[in-house]
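Have a look at the structure below before the remarks.
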Amino acid sequence: MWNWFHKLASPPHFYRLAGIFSPWLLWSSLILIAIGTYGGLVLAPADYQQGEGFRIIYVHVPSSYLSTMIYALMAITSGIGLIWRIKLAHAVAASAAPIGASFTVVSLLTGMLWGKPMWGTYWEWDPRLTSELILLFIYFGYMSLRASFEDIGKADRAGGLLAVVGVVNLPIIHYSVIWWSSLHQGPSIKKLDAPSISGDMLWPLLLLIAASTLFFGAILLYRARAEVLDREHNSRWVQDLLGERPGAG
Amino acid sequence: MTPRKQRMLTVGLVVVGVSLAVALALQAFQENLLFFYSPTQAIAGEPPEGRKFRLGGLVEQGSMAREPGELKVSFIVTDLENTIPVSYAGVLPDLFREGQGVVAHGYLQPDGSFLAEEVLAKHDENYMAPEVADLLAEQGHPVDNTRAGPEKN
Numbered sequence: 001m002w003n004w005f006h007k008l009a010s011p012p013h014f015y016r017l018a019g020i021f022s023p024w025l026l027w028s029s030l031i032l033i034a035i036g037t038y039g040g041l042v043l044a045p046a047d048y049q050q051g052e053g054f055r056i057i058y059v060h061v062p063s064s065y066l067s068t069m070i071y072a073l074m075a076i077t078s079g080i081g082l083i084w085r086i087k088l089a090h091a092v093a094a095s096a097a098p099i100g101a102s103f104t105v106v107s108l109l110t111g112m113l114w115g116k117p118m119w120g121t122y123w124e125w126d127p128r129l130t131s132e133l134i135l136l137f138i139y140f141g142y143m144s145l146r147a148s149f150e151d152i153g154k155a156d157r158a159g160g161l162l163a164v165v166g167v168v169n170l171p172i173i174h175y176s177v178i179w180w181s182s183l184h185q186g187p188s189i190k191k192l193d194a195p196s197i198s199g200d201m202l203w204p205l206l207l208l209i210a211a212s213t214l215f216f217g218a219i220l221l222y223r224a225r226a227e228v229l230d231r232e233h234n235s236r237w238v239q240d241l242l243g244e245r246p247g248a249g
Numbered sequence: 250m251t252p253r254k255q256r257m258l259t260v261g262l263v264v265v266g267v268s269l270a271v272a273l274a275l276q277a278f279q280e281n282l283l284f285f286y287s288p289t290q291a292i293a294g295e296p297p298e299g300r301k302f303r304l305g306g307l308v309e310q311g312s313m314a315r316e317p318g319e320l321k322v323s324f325i326v327t328d329l330e331n332t333i334p335v336s337y338a339g340v341l342p343d344l345f346r347e348g349q350g351v352v353a354h355g356y357l358q359p360d361g362s363f364l365a366e367e368v369l370a371k372h373d374e375n376y377m378a379p380e381v382a383d384l385l386a387e388q389g390h391p392v393d394n395t396r397a398g399p400e401k402n
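Order-wise, the sequence lines are chains A and B. Once you know that position 14 of the first sequence is 14 in the numbering used here, the rest is easy, because the numbers rise by one and skip nothing. Once you know that position 123 of the second sequence is 372 in the numbering used here, the rest is easy, because the numbers rise by one and skip nothing.
Right under this line is the structure:
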């Protein structure tokens with residue numbers, strides 16, 4: 001197990017493995033996204049209260065889910081990078097941040113578009129909306145903090161610490177609709193309870209959540225490969241790689 | 250203590266410390282974080298007097314009345330314990346209907362009624378096809394909207 005862990009943490013090994021996995025992840029995710037979109041936009045019935053407008057959940061829920069999951073991944077890899085001094089873990093965290101920020105923007109925008117007709121407002125300083133906006137600012141803070149360091153080791157340590165500290169926002173986002181009276185509705189999909197969304201609406205949603213996660217995995221691997229190449233551009237294996245296959249990677 | 254264990258402890262302590270600080274801060278601001286007050290809280294005088302606040306609850310069945318030819322509308326907001334009559338002049342959101350959750354932003358009047366300047370509809374977490382909702386109502390199990398109201402502790 002430790003052996004495997006250390007082997008994975010070696011940049012050339014990771015670079016090769018990620019290169020093998022990423023196209024598979026990308027194509028399977030695109031196929032599943034197509035099926036899920038068809039299920040959500042065509043097969044699922046309109047909602048009894050919201051009519052056709054409810055279909056925005058097929059974009060809103062997967063992107064909101066990913067906005068927090070990606071942050072969790074970023075915090076965990078940053079923690080691993082800080083404690084075990086594994087540079088690859090920092091590279092993965094740094095590659096994940098812009099993807100997470102993008103999904104957060106999509107989540108906020110789709111929520112606003114839905115909120116205007118349904119609630120009657122684009123934006124309210126509601127606990128759920130506010131904590132999600134803070135998440136976006138933490139992503140931006142992480143990225144600009146990293147960018148402010150010339151030395152990549154210092155960027156890793158400072159950014160990593162920020163990512164780990166920012167993790168306190170995740171439970172606040174999750175429980176904001178339960179702890180405080182909020183305009184945002186409670187969760188429709190619960191771990192220990194029957195979902196309060198009917199089956200023919202639910203399966204495309206679950207499929208799209210899974211498919212977007214695979215899609216994120218693919219993009220992360222592409223970005224992390226580029227990040228690893230950039231960090232290791234002076235090392236022997238990258239020189240060899242570029243010498244053998246000029247222009248590749 | 251090895252350097253790695255020391256780093257582990259440092260990272261752990263930082264996370265625990267920040268979580269504790271945030272938890273205490275949230276605890277202190279608990280009241281300000283309330284997005285809306287329920288009619289029971291409003292009647293008990295919890296919202297600051299004379300100030301604008303949000304009133305949340307369910308629109309009581311059969312309570313909605315419109316003035317003909319005008320935008321003025323009045324309805325009763327309930328949390329199933331207490332009620333407050335609300336008057337409003339403006340466009341209501343799509344999801345506004347009797348029995349559904351609503352959040353009104355405005356002032357409590359001296360006569361105990363609420364003058365709203367803005368009315369938002371609060372959606373619940375139930376998603377289903379219209380046919381299913383009709384079927385549930387026919388069978389005598391209409392969709393439970395009470396959970397859309399403010400939570401009672």
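Positions of the beta carbon are idealized from the N, C-alpha and C atoms, including for glycine.
Asked: Tell me the DSSP secondary structure of residue 317 of chain B in three-state form.; Found: coil
Asked: Kindly indicate which three-state DSSP category residue 235 of chain A falls into: helix, strand or coil?; Found: coil
Asked: List the residues of chain A whose Cβ lies closer than 7 Å to the Cβ of residue 253 of chain B, in chain order.; Found: 83 and 84
Asked: Out of curiosity, what's the CA-to-CA distance linking residue 278 of chain B and residue 271 of chain B?; Found: 10 Å
Asked: Quick one: residues in its chain with C-beta nearer than 8 Å to the C-beta of residue 314 of chain B, no 5 flanking neighbours on either side, listed in chain order?; Found: 322, 323 and 324
Asked: With a threshold of 16 other CB atoms inside 10 Å of the CB of residue 295 of chain B, please say whether the residue is buried or exposed.; Found: exposed
Asked: What in chain A is Cβ-close to residue 309 of chain B, meaning under 8 Å?; Found: Simply none; closest approach about 18 Å.
Asked: Can you pull the chain A residues whose beta carbon is under 8 Å from the beta carbon of residue 353 of chain B, in chain order?; Found: Simply none; closest approach about 11 Å.
Asked: The alpha helix (DSSP H) that contains residue 251 of chain B, what's its start and end?; Found: Per DSSP, residue 251 of chain B belongs to no alpha helix (DSSP H) and is neither H nor E.
Asked: To the nearest angstrom, how far is it from the Cα of residue 256 of chain A to the Cα of residue 250 of chain B?; Found: Residue 256 of chain A lies beyond the residue range present for chain A, which begins at 1 and ends at 249; the question has no answer from this structure.
Asked: For residue 51 of chain A, tell me which candidate among A:100, A:101, A:38 and A:118 has the shortest Cα-Cα distance.; Found: A:118
Asked: Looking at residue 199 of chain A: is its Cβ nearer than 8 Å to the Cβ of residue 81 of chain A?; Found: no
Asked: I'd like to know whether the C-beta of residue 268 of chain B is nearer than 8 Å to at least one C-beta of chain A.; Found: yes
Asked: Any beta carbon of chain B sitting closer than 8 Å to that of residue 133 of chain A?; Found: no
Asked: Which of helix, strand or coil does DSSP assign to residue 367 of chain B?; Found: strand
Asked: Compare the C-beta of residue 347 of chain B with all C-beta atoms of chain A and state if any pair is closer than 8 Å.; Found: no
Asked: The region 38-60 of chain A: which residues have C-beta closer than 9 Å to a C-beta of chain B, in chain order?; Found: 44, 45, 46, 47, 48, 49, 50, 51, 53, 54 and 57
Asked: Specify the secondary structure class of residue 287 of chain B as computed by DSSP and reduced to three states.; Found: coil
Asked: Can you list the residues of chain B that residue 197 of chain A reaches, using a CB-CB cut of under 7 Å?; Found: 376
Asked: Nearest to residue 178 of chain A by alpha carbon, out of B:383, B:386 and B:373?; Found: B:373
Asked: Nearest by alpha-carbon distance to residue 345 of chain B: which of A:104, A:55, A:102 and A:116 is it?; Found: A:116
Asked: Enumerate in chain order the residues of its own chain whose CB-to-CB distance from residue 238 of chain A is below 7 Å, with the five nearest sequence positions on each side excluded.; Found: 229 and 232
Asked: Under a CB-based cut-off of 8 Å, is residue 274 of chain B close to chain A?; Found: no
Asked: Would you mind stating whether residue 259 of chain A and residue 214 of chain A have Cβ atoms separated by less than 8 Å?; Found: This structure cannot speak to residue 259 of chain A, because chain A is shown only from 1 to 249.
Asked: What in chain B is Cβ-close to residue 118 of chain A, meaning under 8 Å?; Found: 342, 343, 344, 370 and 372
Asked: Determine, using beta-carbon pairs with one atom in the region 28-36 of chain A and one in the region 94-101 of chain A, whether at least three such pairs fall under 8 Å.; Found: no
Asked: At the level of alpha carbons, what is the spacing between residue 3 of chain A and residue 203 of chain A?; Found: 39 Å
Asked: Using a 10 Å radius around the Cβ and a threshold of 16 neighbouring Cβ atoms, would you call residue 163 of chain A buried or exposed?; Found: buried
Asked: Using a Cβ distance threshold of 8 Å, determine whether the region 144-151 of chain A contacts the region 62-69 of chain A, with at least three qualifying pairs required.; Found: no
Asked: If you check the beta carbons only, do residue 312 of chain B and residue 366 of chain B fall under 8 Å apart?; Found: no
Asked: Counting only beta-carbon separations shorter than 8 Å, does residue 180 of chain A have a partner in chain B?; Found: yes
Asked: Under a CB-based cut-off of 8 Å, is residue 121 of chain A close to chain B?; Found: yes
Asked: Quick one: what does DSSP say residue 336 of chain B is sitting in, helix, strand or coil?; Found: strand
Asked: DSSP three-state label for residue 26 of chain A, please.; Found: helix
Asked: Does residue 327 of chain B come out as helix, strand or coil in the three-state DSSP assignment?; Found: strand
Asked: Check residue 357 of chain B in the structure and name its three-state DSSP category.; Found: strand
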